[in-house]
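**Q** For the sequence shown, the working numbering gives the first residue as 3, with consecutive numbering after it. Have a look at this one.
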Amino acid sequence: MWSNCSDCTCRLAKEVCQLKAVVNAQSKTLSKLVRQMKDGCNKDEQPKESTLCGLNPCLKCLQPDILYHLGLDTETTDFPKVFGDVRFVCMGGTPGRMENFAYYLMQEIGLKINAATKLRDMAEAGKRFALFKVGPVLCASHGMGCPSISILLHELIKMMHHAKCQDPVFIRIGTCGGIGVDPGTVVISSEAVDGRLNPAHEILVHGVSVQHASQLDEGLADDIKSCHDPSKDNYETIIGRTMCTHDFYEGQSRLDGAFCEYTPEMKKTYLEELQNQGVKNIEMESLALAALTSRANIRAAVVCVAILNRLNGDQIKTPHEILAKWEKRPQVLVARYIRKVLYFHENDSDWEEPDEDECEGEAPEKGATPQGGAGDTQNAPPEEAE
Ligand code: R2B
Ligand code: URA
3 MWSNCSDCTC RLAKEVCQLK AVVNAQSKTL SKLVRQMKDG CNKDEQPKES TLCGLNPCLK
63 CLQPDILYHL GLDTETTDFP KVFGDVRFVC MGGTPGRMEN FAYYLMQEIG LKINAATKLR
123 DMAEAGKRFA LFKVGPVLCA SHGMGCPSIS ILLHELIKMM HHAKCQDPVF IRIGTCGGIG
183 VDPGTVVISS EAVDGRLNPA HEILVHGVSV QHASQLDEGL ADDIKSCHDP SKDNYETIIG
243 RTMCTHDFYE GQSRLDGAFC EYTPEMKKTY LEELQNQGVK NIEMESLALA ALTSRANIRA
303 AVVCVAILNR LNGDQIKTPH EILAKWEKRP QVLVARYIRK VLYFHENDSD WEEPDEDECE
363 GEAPEKGATP QGGAGDTQNA PPEEAE
């Protein structure tokens, strides 16, 4: 009986050993598969290249590449890690306006707001532009005029390239002078033209004039316009041609500059000709924005609020409180657009509202990451209702 039992124990022990070996082998295979799956997913998450094209072939030789005016470089900042998720680059004239916009966006796209945190200006070291990051959105100030925004765009486009960003959309939000439109109207540019109505941004390279086409993305303009909500917005949002000038006074045919060598009649004739040619507004950055983004295969839009109707005058007499409200209109529209792109899935034909808890990880440690929380009363976000 004992010998039988010992035979049985031996057999069982042998079977247990065999089973253990099988389980071990299977668990190794399983680990290998999981590792391969993870590697595969990581490959998808981190594309090899950005979707931008036509860029300077010498960029790969710049190790590091120094984005001087942004105070950033590819050696001390891991661009794919920090900026690889950027899908929207929003630009506006002043640092304050863009900081406010960044806080407003945090609310609108559902990033958890931590009262103790503040957004960090990532371009502070450059001392030229301000740059804030709110999840997949960058908010940058561009200063005034094409030379200023060109410098910013060269560096932001290189940033997108180094970070391997996929299809980033660039949007300028700002102010403009309207042509035959009511003050307070939001104008989305169909294209940017110069003072001769030429749709090109002219620059001198080696003393020779080079013209770059200044097309803007029609579909993007339509998508942004579709975010206008007549039940909430007591103003018009229109699409039209934008004239871009290199000067606020003579370049825009004002009679109130320090110099003026034309008559009021000449001004009237010029502005009326612009109106006849479908120009709805005048501002100072759209040519460079349109030309540089289209060279890089980036979709771009310009969304500006008209702060006066130039057919009625030159000086801006509207009180500051009203101007401040009007300036928020492009911000509200663009925030709605971004929210829609982020949370609306065509296949579901339904909204997927942001889940606050899911987004919790996006809120930064104070001063540690570029994605911050609000709570600073000086940075009160714009109100939707006016
Ligand atoms: C609109 O407003 C500014 C001039 O006041 C300029 O940057 C622009 O495009
Ligand atoms: N910005 C401009 O460039 N022109 C205007 O008239 C108003 C704002």
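Idealized CB from N, CA, C, for every residue including glycine. Computed from a predicted model, the values in this text were never measured in an experiment.
What is the DSSP secondary structure of Ile309, counted as helix, strand or coil?
**A** Position 307 of the sequence shown, counting from 1, holds the residue named residue 309. If DSSP states are grouped into helix, strand and coil, Ile309 belongs with the strands.
**Q** On the three-state DSSP scale, how would you describe Thr295?
**A** In the sequence shown, residue 295 corresponds to position 293, counting from 1. Helix.
**Q** Using C-beta distances below 6 Å, list every residue in its chain close to Arg256, excluding the 5 sequence neighbours before and after it, in chain order.
**A** As a working note, residue 256 is residue 254 in the sequence shown. Once the five neighbours on either side are set aside, the close Cβ partners of Arg256 are Asp316.
**Q** Compute the Euclidean distance between the alpha carbons of Thr79 and Leu61, then round it to the nearest angstrom.
**A** For this step, residue 79 is matched to residue 77 along the sequence shown. For this step, residue 61 is matched to residue 59 along the sequence shown. So the alpha carbons of these two residues sit roughly 16 Å apart.
**Q** When the distance is taken between beta carbons, is Met286 closer than 8 Å to Cys148?
**A** In the sequence shown, counting from the first residue as 1, residue 148 sits at position 146. In the sequence shown, counting from the first residue as 1, residue 286 sits at position 284. Yes; because the gap between Cβ atoms is below 8 Å, this pair is in contact.
**Q** Contact between the stretch 206-221 and the stretch 145-164: three or more CB pairs below 8 Å?
**A** Flag = no, the stretch 206-221 and the stretch 145-164 do not touch.
**Q** Ignoring anything shorter than 3 residues, give me the beta strand (DSSP E) runs that lie fully in the stretch 247-291, in order along the chain.
**A** Complete beta strand (DSSP E) runs here, min 3: 281-285.
**Q** When you compare each of Cys141, Asn116, Ala125 and Gly73 to Asn102 by their alpha carbons, which one comes out closest?
**A** The residue labelled residue 102 in the question sits at position 100 within the sequence shown. Nearest of Cys141, Asn116, Ala125 and Gly73 to Asn102, Cα basis: Cys141.
**Q** Which residues end up in the neighbourhood of the ligand R2B when you take C-beta atoms closer than 6 Å to any of its heavy atoms?
**A** Cβ atoms closer than 6 Å to the ligand R2B belong to Gly95, Met146, Gly176, Thr177, Cys178, Phe250, Glu285, Met286 and Glu287.
**Q** Under the DSSP definition of a beta bridge, which residues are partnered with Arg174?
**A** Residue numbering aside, residue 174 sits at position 172 when the sequence shown is read from its first letter. In DSSP, Arg174 forms a bridge with Met93 and Val304.
**Q** What number of angstroms, rounded off, separates the C-alpha of Cys63 from the C-alpha of Ala303?
**A** Here residue 63 refers to the residue found at position 61 when the sequence shown is read from its first residue. Here residue 303 refers to the residue found at position 301 when the sequence shown is read from its first residue. Their backbone Cα atoms lie some 31 Å apart in a straight line.
**Q** Where does the unbroken beta strand (DSSP E) through Cys141 begin, and where does it stop?
**A** Start at 1 with the first residue of the sequence shown, and residue 141 comes out as number 139. That run of the beta strand (DSSP E) goes Val139 to Ser143.
**Q** Indicate the three-state DSSP secondary structure (helix, strand or coil) for Leu133 in the structure shown.
**A** Here residue 133 corresponds to residue number 131 of the sequence shown, with the count starting at 1. DSSP places Leu133 in strand when its eight states are reduced to three.
**Q** Buried or exposed for Arg198, please, with buried defined as at least 16 other CB atoms from any protein chain shown within 10 angstroms of its CB.
**A** To locate residue 198, count along the sequence shown from 1; it is residue 196. So Arg198 ends up on the exposed side.
**Q** Specify the secondary structure class of Ala127 as computed by DSSP and reduced to three states.
**A** Taking the first residue of the sequence shown as 1, we reach residue 127 at position 125. DSSP places Ala127 in helix when its eight states are reduced to three.
**Q** Are the Cβ atoms of Leu107 and Val136 separated by less than 8 Å?
**A** Sequence index remark: in the sequence shown, residue 107 carries index 105 (1-based). Sequence index remark: in the sequence shown, residue 136 carries index 134 (1-based). Going by C-beta atoms, Leu107 is nearer than 8 Å to Val136.
**Q** Taking 8 Å as the threshold, find out whether the stretch 328-339 comes into contact with the stretch 243-254 through three or more Cβ pairs.
**A** At 8 Å Cβ cutoff, the stretches do not touch.
**Q** Nearest by alpha-carbon distance to Gly242: which of Glu263, Gly221 and Lys282 is it?
**A** Along the sequence shown, read from residue 1 onward, the residue named residue 242 stands at position 240. Cα-wise, what sits closest to Gly242 is Lys282.
**Q** Check each candidate in Asp75, Gly98 and Cys167 and name the one with the smallest Cα separation from Phe131.
**A** Along the sequence shown, one-based indexing puts residue 131 at 129. Among Asp75, Gly98 and Cys167, the Cα nearest to that of Phe131 belongs to Gly98.
**Q** Quick one: is the Cβ of Ile309 within less than 7 Å of any heavy atom of the ligand URA?
**A** As a working note, residue 309 is residue 307 in the sequence shown. At least one heavy atom of the ligand URA is nearer than 7 Å to the Cβ of Ile309, so yes.
**Q** Hey, how far is the Cα of Gly180 from the Cα of Leu310?
**A** Along the sequence shown, one-based indexing puts residue 180 at 178. Along the sequence shown, one-based indexing puts residue 310 at 308. Using only the alpha carbons, I get a separation of about 6 Å.
**Q** Let me confirm a value: Leu35 is counted as buried when at least 16 other C-beta atoms fall within 10 Å, else exposed. Which label applies?
**A** Taking the first residue of the sequence shown as 1, we reach residue 35 at position 33. Because the pLDDT of Leu35 is 44, which lies under 50, any placement of that residue in the model is unreliable, and the number read from its coordinates should be weighed accordingly. Classification for Leu35: exposed.
**Q** In the DSSP assignment, find the alpha helix (DSSP H) that holds Ala389 and state where it starts and stops.
**A** Since the first residue shown for the chain is 3 and the last is 388, residue 389 is missing from the structure and cannot be characterised.
**Q** Give a single yes or no on whether Gln317 has its beta carbon closer than 7 Å to a heavy atom of the ligand URA.
**A** As a first step, residue 317 must be located in the sequence shown, where it is residue number 315. No - the ligand URA has no heavy atom lying nearer than 7 Å to the Cβ of Gln317.
**Q** With a threshold of 7 Å on Cβ separation, who are the neighbours of Gly280 within its own chain once the five nearest residues in sequence on each side are excluded?
**A** The sequence position of residue 280 within the sequence shown is 278, counting from 1. Same-chain partners within the cutoff: Gly242 and Arg243.
**Q** Please go through the same chain and pick out, in chain order, the residues whose beta-carbon is closer than 7 Å to the beta-carbon of Pro66, but skip the five residues on each side of it.
**A** Sequence index remark: in the sequence shown, residue 66 carries index 64 (1-based). Asp75, Thr76 and Glu77, listed in sequence order.
**Q** Can you say whether Val207 is buried or exposed, counting buried as having 16 or more other CB atoms within 10 angstroms of its CB?
**A** By one-based count along the sequence shown, residue 207 stands at place 205. With fewer than 16 other Cβ atoms within 10 Å, it is exposed.
**Q** Let me know if Ile340 comes out buried or exposed under the rule of 16 or more other beta-carbons within 10 Å of its beta-carbon.
**A** Looking up residue 340 in the sequence shown gives position 338. Buried.
**Q** How far does the alpha helix (DSSP H) with Val84 in it reach, from first residue to last?
**A** Taking the first residue of the sequence shown as 1, we reach residue 84 at position 82. Note, Val84: alpha helix (DSSP H), Phe81 to Phe85.
**Q** Does Glu204 come out as helix, strand or coil in the three-state DSSP assignment?
**A** Taking the sequence shown and counting its residues from 1, the one referred to as residue 204 is at position 202. Here Glu204 sits in strand by DSSP.
**Q** Tell me where the alpha helix (DSSP H) around Ile318 begins and ends.
**A** Here residue 318 refers to the residue found at position 316 of the sequence shown. Neither: Ile318 is in no alpha helix (DSSP H) and is coded neither H nor E.
**Q** Suppose contacts are defined by Cβ-Cβ distances below 8 Å. Is Thr53 in contact with Gln168 by that definition?
**A** Position 51 of the sequence shown, counted from the start, is the residue given in the question as residue 53. Position 166 of the sequence shown, counted from the start, is the residue given in the question as residue 168. Their beta carbons are under 8 Å apart, which means Thr53 touches Gln168 by this criterion.
**Q** Just mark Ile318 as buried or exposed, buried being the case when its beta carbon has 16 or more other beta carbons within 10 Å.
**A** For the purposes of this step, residue 318 is taken as residue 316 along the sequence shown, with counting starting at 1. Burial call: exposed.
**Q** Fully enclosed by the stretch 213-252, which alpha helix (DSSP H) runs are 4 residues long or longer?
**A** Runs found: 220-227.
**Q** Is the CB of Thr79 under 8 Å away from at least one CB in chain D?
**A** Among the chains in the structure shown there is no chain D, since it carries only a single protein chain.
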